[in-house]
Structure formats: structure tokens, C-alpha cells
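Going left to right, the sequence shown walks through residues 3 to 94 as the working numbering numbers them.
Have a look at the structure below before the remarks.
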Amino acid sequence: NSGCLSRLNAQTVLPIIYGPLYKNSSGHWNATVEGLAQNVLKMYMEYDLVLYDKCTASYFREEEEAKRKLEAIREKWASIEALANQNVIMAK
3 NSGCLSRLNA
13 QTVLPIIYGP
23 LYKNSSGHWN
33 ATVEGLAQNV
43 LKMYMEYDLV
53 LYDKCTASYF
63 REEEEAKRKL
73 EAIREKWASI
83 EALANQNVIM
93 AK
């Protein structure tokens, strides 16, 4: 556990790699990748639980925000489609 994954670099590295590690730790098609991701997350949890919890909270906030943005985009497209359909009907 040396190099960029060391405890010394945890404050810098974990916020960057937490999201991909979390995604790969639960449901990756390759069991080895899934296991390695779980091990790295566990290692960082043991290094600094407070930092780990902050990264976890931040990840889930960002995921929720991304879902809200995606839903807003879907709603905008639905309204554009509805307007376009009204124009097609009126043109007939």
C-alpha cells in the first residue's frame, strides 16, 4: 500500500477516486475488480473514517443532484415535444 494510495495522500486521492471505486465495488462484471475496489475502500476507511464519511456523503449528494438535473432535462424535452406535437396538429 505505497505510492499514491498511501495514507499520506488520502486527503488528495480519496475524494477523486471514491465515486469510481464505489461504483466498481458493487456490481462490477469482473469479480476481481469488484473485490479490489472493495479492498481499497476498506483501506481508506481504516486510514481516515472522517474523510471516508465526507467522501461518501459528497458522492451521494452529487448522485442525487445528477438525478435531479437529468429529470429536469427530461421534463424540458417532454414539454418541447408536447409543443411540437401541438404545432403539428394545428398545421393540419
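For glycine and all other residues, C-beta sits at the position ideal for the given N, C-alpha and C.
* residue 17 to residue 11, Cα distance in whole Å? -> Rounded to whole angstroms, the gap between the alpha carbons of residue 17 and residue 11 is 11 Å.
* To do: Measure the beta-carbon distance from residue 26 to residue 15 and round it to whole angstroms, keeping in mind my assumption that it falls under 8 Å.
  => With a contact defined as Cβ atoms closer than 8 Å, residue 26 and residue 15 miss out at about 15 Å.
* If you compare alpha carbons, which of 92, 45 and 69 is closest to residue 6? -> Cα-wise, what sits closest to residue 6 is 45.
* Distance, residue 61 Cα to residue 70 Cα -> Looking at the two C-alpha atoms, the distance is approximately 14 Å.
* Alpha carbon to alpha carbon, how far is residue 48 from residue 37? -> Whole-angstrom Cα-Cα distance: 16 Å.
* Asked: Does the Cβ-Cβ distance between residue 23 and residue 53 come in under 8 Å?
  -> Note that the C-beta distance between residue 23 and residue 53 is not below 8 Å.
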